[in-house]
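Colleague: Sharing a structure below in structure tokens format, with a few things to ask.
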Amino acid sequence: MYDTSARPTSGGTRRYDAADSMPVACDMLLVTSWEETSGDERQSLDEADCIAEFMPGGGVSPSAISQGFATSKGPMKPTMQDYFVAVSDALGALWSLSPPEWRAARAPAFAHHAGAPFCLTAVFDGHGGGDHAARTAQESVLAAVASDAELLDCFAHNMELPGVGPEALAALSTAFRRSFAELDARICGEGEARGLPHDGTTALVSVQVGPKLYTANAGDCRAVLCRDGRALRLSRDHKPELPEERQRIEAAGGRVANVRGTWRVVLPLADGCTAKVCSVSRGFGDRDFKAGALISPEPDVAALVLAPHRDTFAVHASDGLWGAVGDQEAVDVVSEVIDKFTGMTSFNTQHAAAAKAAAQELVKLARDRGSMDDITVVVTLYDWD
Numbered sequence: 001m002y003d004t005s006a007r008p009t010s011g012g013t014r015r016y017d018a019a020d021s022m023p024v025a026c027d028m029l030l031v032t033s034w035e036e037t038s039g040d041e042r043q044s045l046d047e048a049d050c051i052a053e054f055m056p057g058g059g060v061s062p063s064a065i066s067q068g069f070a071t072s073k074g075p076m077k078p079t080m081q082d083y084f085v086a087v088s089d090a091l092g093a094l095w096s097l098s099p100p101e102w103r104a105a106r107a108p109a110f111a112h113h114a115g116a117p118f119c120l121t122a123v124f125d126g127h128g129g130g131d132h133a134a135r136t137a138q139e140s141v142l143a144a145v146a147s148d149a150e151l152l153d154c155f156a157h158n159m160e161l162p163g164v165g166p167e168a169l170a171a172l173s174t175a176f177r178r179s180f181a182e183l184d185a186r187i188c189g190e191g192e193a194r195g196l197p198h199d200g201t202t203a204l205v206s207v208q209v210g211p212k213l214y215t216a217n218a219g220d221c222r223a224v225l226c227r228d229g230r231a232l233r234l235s236r237d238h239k240p241e242l243p244e245e246r247q248r249i250e251a252a253g254g255r256v257a258n259v260r261g262t263w264r265v266v267l268p269l270a271d272g273c274t275a276k277v278c279s280v281s282r283g284f285g286d287r288d289f290k291a292g293a294l295i296s297p298e299p300d301v302a303a304l305v306l307a308p309h310r311d312t313f314a315v316h317a318s319d320g321l322w323g324a325v326g327d328q329e330a331v332d333v334v335s336e337v338i339d340k341f342t343g344m345t346s347f348n349t350q351h352a353a354a355a356k357a358a359a360q361e362l363v364k365l366a367r368d369r370g371s372m373d374d375i376t377v378v379v380t381l382y383d384w385d
């Protein structure tokens, strides 16, 4: 359910969803991902073991999808700069916000897939002393996706395909990158008008359409999927020290330097004696760094078709979590929480509670390990029974 009257809760977060344990149909199979052990290279994963289950007539059981979240402001920070969106039933909202001419053309296709999941999860980690960029991204992301006819066309087209091939992924990447660029231009323009040249945010956006999960990321928020109890990273952290990021930054006239133990993008100022710095190499805002695209809004885009009974949950979180907790550790923690709830007689009705408890446990672990940053965690559970 999409609640247009929702307001941010404490800590600058917003949760649009009011029915996050709604059962939905879901046939899923993994196609591509980044793995923690693969050095951030994109991996092509074998589909053969799942394709029979995914194809029509494969006997996939109905699924339930539930989301839970937890947030915590950094103890030394004056305000919370993390924002997030979790919409477990986004189809109605996207439909109402989409261009009328697009709705007229696509109504039959979407009617054919009525009841399929259409979920949106996003995490924005603001920086630069303010929260305008992250808050604007949070308030705008659903409308940005819904108003992009090309992106919606990609979603609709892929509903008819058994997987996500190279051509479909290329089209999705183009559409997501344009959408990110448009939102970045808006945030930079508003930042200039408000006198906020240093305000910026990372951006992690996942859209699940039917059996497929699409993830676009610019910055160091991270999405991780649990498959057979193993962590599969769905996004890449954009840090200045990555060789390809450093090369791009230096080619644009910037520098990358280790400042107080953290690698940062360095923008020399006109006096030659001072500089501005930023610890992420991609994201929205940071207007002064956009000359030459020292900090780029261009996302990496990954596509997944989730594997029935093997993919049990996903974790989307800001770097306040990932700086203290590894991918596999996070998967193990969530799995332990789920195991505790599984013994209940009505686990289906407890999905939302389990997801929330898992998110809270991850926040607690990060704090216990000394994380001083803002932390946002969204846990999405998939039930295949």
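Quick note on full-length UniProt numbering: the sequence shown kicks off at 1 and runs consecutively.
Don't be surprised by glycine CBs; every beta carbon is placed ideally from N, CA and C.
The model shown is predicted, which means the values in this text are computed figures rather than measured ones.
Can you tell me whether Ser-21 is buried or exposed, with buried defined as 16 or more other CB within 10 angstroms of its CB?
Modeller: As a first step, residue 21 must be located in the sequence shown, where it is residue number 21. Because the pLDDT at Ser-21 is just 26, under 50, the model does not fix this residue reliably, and the point stays unresolved.
Colleague: Could you round the C-beta distance between Val-265 and Phe-289 to whole angstroms and report it? I think they count as a contact, below 8 Å.
Modeller: To locate residue 265, count along the sequence shown from 1; it is residue 265. To locate residue 289, count along the sequence shown from 1; it is residue 289. Between Phe-289 and Val-265 the Cβ distance is about 6 Å, and since that is below 8 Å, they are a contact.
Colleague: Which runs of the alpha helix (DSSP H) spanning at least 4 residues fall entirely within the region 65–142, listed in chain order?
Modeller: Counting whole runs of 4 or more residues, the region 65–142 contains the alpha helix (DSSP H) stretches 91–97, 100–112.
Colleague: Within a Cβ cutoff of 6 Å, which residues of the same chain sit near Ser-296, ignoring the five residues on either side of it in sequence?
Modeller: The count along the sequence shown starts at 1 and reaches residue 296 at position 296. Around Ser-296: Arg-282.
Colleague: Look up Ile-295 in the DSSP assignment and say whether it is helix, strand or coil.
Modeller: Here residue 295 corresponds to residue number 295 of the sequence shown, with the count starting at 1. Coil.
Colleague: Are the CB atoms of Ala-303 and Leu-225 within a distance shorter than 8 Å?
Modeller: For the purposes of this step, residue 225 is identified with residue 225 of the sequence shown, where counting begins at 1. For the purposes of this step, residue 303 is identified with residue 303 of the sequence shown, where counting begins at 1. It is not a contact, given that the beta carbons lie outside the stated cut-off.
Colleague: Taking the alpha helix (DSSP H) that Pro-166 falls in, what are its first and last residues?
Modeller: Here residue 166 refers to the residue found at position 166 of the sequence shown. First-last of the alpha helix (DSSP H) with Pro-166: 166–194.
Colleague: At the level of alpha carbons, what is the spacing between Lys-73 and Trp-322?
Modeller: In the sequence shown, residue 73 corresponds to position 73, counting from 1. In the sequence shown, residue 322 corresponds to position 322, counting from 1. If I take the Cα positions, the gap works out to 15 Å.
Colleague: Determine whether the beta carbon atoms of Phe-69 and Val-334 lie at a separation below 8 Å.
Modeller: Start at 1 with the first residue of the sequence shown, and residue 69 comes out as number 69. Start at 1 with the first residue of the sequence shown, and residue 334 comes out as number 334. Cβ atoms of Phe-69 and Val-334: not closer than 8 Å.
Colleague: Taking all protein chains shown into account, do 16 or more other C-beta atoms lie within 10 angstroms of the C-beta of Arg-260, making it buried, or fewer, making it exposed?
Modeller: Here residue 260 refers to the residue found at position 260 of the sequence shown. The residue is exposed, with fewer than 16 neighbouring Cβ atoms inside 10 Å.
Colleague: On the DSSP letters alone, give me the boundaries of the alpha helix (DSSP H) that Val-378 sits inside.
Modeller: Walking along the sequence shown from the start, residue 378 turns up at place 378. Element bounds for Val-378: not the alpha helix (DSSP H) but the beta strand (DSSP E), 375–383.
Colleague: Please state whether DSSP places Asp-327 in a helix, a strand or coil.
Modeller: Numbered from its first residue, the sequence shown carries residue 327 at position 327. Asp-327: helix per DSSP, three-state reduction.
Colleague: Using 10 angstroms around the beta-carbon of Asn-96, count the other beta-carbons present and answer buried if the total reaches 16, otherwise exposed.
Modeller: Taking the sequence shown and counting its residues from 1, the one referred to as residue 96 is at position 96. Note on identity: in this sequence residue 96 is Ser, with Asn being the wrong assignment. Exposed: under 16 other Cβ atoms inside 10 Å.
Colleague: Give the range of the beta strand (DSSP E) segment to which Val-280 is assigned.
Modeller: Residue numbering aside, residue 280 sits at position 280 when the sequence shown is read from its first letter. Premise fails: Val-280 is in no beta strand (DSSP E) and is neither H nor E.
Colleague: Work out the CA separation of Pro-99 and Leu-365 for me, nearest whole Å.
Modeller: Start at 1 with the first residue of the sequence shown, and residue 365 comes out as number 365. Start at 1 with the first residue of the sequence shown, and residue 99 comes out as number 99. Distance between the alpha carbons of Leu-365 and Pro-99 is about 44 Å.
Colleague: Could you work out which residue in His-127, Leu-91, Thr-262 is closest to Met-80 when comparing CA atoms only?
Modeller: Within the sequence shown, residue 80 is the residue found at index 80, counting from 1. If we check each option's Cα against that of Met-80, His-127 comes out closest.
Colleague: Could you please give the first and the last residue of the uninterrupted alpha helix (DSSP H) stretch that includes residue 388?
Modeller: Examination of residue 388 is not possible in this model, given that the chain is present from 1 through 385 alone.
Colleague: Assign Asp-339 to one of two classes, buried (16 or more other C-beta atoms within 10 Å of its C-beta) or exposed (fewer than that).
Modeller: To locate residue 339, count along the sequence shown from 1; it is residue 339. Label assigned to Asp-339: exposed.
Colleague: Are the region 218–237 and the region 144–152 touching, with three or more C-beta to C-beta distances below 8 Å?
Modeller: No, the region 218–237 is not in contact with the region 144–152.
Colleague: May I have the straight-line CA-CA distance separating His-316 from Ala-105, to the nearest angstrom?
Modeller: For the purposes of this step, residue 316 is taken as residue 316 along the sequence shown, with counting starting at 1. For the purposes of this step, residue 105 is taken as residue 105 along the sequence shown, with counting starting at 1. Straight-line Cα distance between these residues: approximately 33 Å.
Colleague: Between the C-alpha atoms of Asp-184 and Thr-342, what's the straight-line distance to the nearest angstrom?
Modeller: Position 184 of the sequence shown, counting from 1, holds the residue named residue 184. Position 342 of the sequence shown, counting from 1, holds the residue named residue 342. Cα to Cα, the separation comes out at about 42 Å.
Colleague: Is Gln-208 a contact residue of the ligand PLP, with contact defined as CB to any heavy atom under 7 Å?
Modeller: In terms of ligand content, the structure shown is empty, and the ligand PLP therefore cannot be addressed.
Colleague: Under a three-way DSSP split, which group does Asp-311 fall into?
Modeller: Taking the first residue of the sequence shown as 1, we reach residue 311 at position 311. It is a strand residue.
Colleague: Which residue marks the beginning of the alpha helix (DSSP H) containing Lys-364, and which one marks its end?
Modeller: Indexing the sequence shown from 1 puts residue 364 at position 364. Run containing Lys-364: 351–368, per the alpha helix (DSSP H) assignment.
Colleague: Closer than 6 Å by C-beta to Ala-146: which residues in its own chain qualify, once you throw out the five before and the five after it? Chain order, please.
Modeller: What you label residue 146 is simply residue 146 of the sequence shown in a count that begins at 1. Closer than 6 Å at Cβ, skipping near neighbours: Leu-94, Leu-97, Ser-98.
Colleague: Do you know offhand how far Arg-194's Cα is from Gly-200's?
Modeller: Position 194 of the sequence shown, counting from 1, holds the residue named residue 194. Position 200 of the sequence shown, counting from 1, holds the residue named residue 200. Answer to the nearest angstrom: the Cα atoms are 13 Å apart.
Colleague: Here's a check: name, in chain order, each residue in its chain whose Cβ is nearer than 6 Å to the Cβ of His-132, leaving out the five neighbours to either side.
Modeller: Counting from one through the sequence shown, the residue named residue 132 turns up at place 132. So the list reads Leu-196, Asp-199, once near-sequence residues are dropped.
Colleague: May I have the straight-line CA-CA distance separating Ala-170 from Gly-163, to the nearest angstrom?
Modeller: The residue given as residue 170 occupies position 170 in the sequence shown. The residue given as residue 163 occupies position 163 in the sequence shown. Approximately 14 Å, taken between the alpha carbons.
Colleague: What three-state label does DSSP hand Cys-154 in the structure shown?
Modeller: For the purposes of this step, residue 154 is identified with residue 154 of the sequence shown, where counting begins at 1. Looking at Cys-154 - three-state DSSP - the assignment turns out to be helix.
Colleague: Within a Cβ cutoff of 6 Å, which residues of the same chain sit near Thr-121, ignoring the five residues on either side of it in sequence?
Modeller: Mapped onto the sequence shown, residue 121 falls at position 121. Ala-86, Ser-206, His-316, Val-378.
Colleague: Please determine, among Leu-362, Gln-208, Ser-371, the residue with the shortest C-alpha to C-alpha distance to Lys-77.
Modeller: Working through the sequence shown from its first residue, we reach residue 77 at position 77. The residue with the shortest Cα to Cα distance from Lys-77 is Ser-371.
Colleague: So, using beta-carbon positions, are Phe-124 and Ala-137 closer together than 8 Å?
Modeller: In the sequence shown, residue 124 corresponds to position 124, counting from 1. In the sequence shown, residue 137 corresponds to position 137, counting from 1. Yes, these two residues count as a Cβ contact at 8 Å.
Colleague: Use the C-beta contact count for Gly-130: other C-beta atoms within 10 angstroms, 16 or more gives buried, fewer gives exposed.
Modeller: By one-based count along the sequence shown, residue 130 stands at place 130. By the 10 Å Cβ count, Gly-130 comes out buried.
Colleague: If Ala-203 sits next to Phe-284, beta carbons under 8 Å apart, how far is it from one beta carbon to the other, in whole angstroms?
Modeller: In the sequence shown, residue 203 corresponds to position 203, counting from 1. In the sequence shown, residue 284 corresponds to position 284, counting from 1. Contact holds; Cβ gap of about 6 Å.
Colleague: So what's Leu-321 in DSSP terms, helix, strand or just coil?
Modeller: Position 321 of the sequence shown holds residue 321. In this structure, Leu-321 counts as helix in the three-state DSSP scheme.
Colleague: DSSP has Lys-212 in a bridge; who is on the other side?
Modeller: In the sequence shown, counting from the first residue as 1, residue 212 sits at position 212. Val-209, Val-305.
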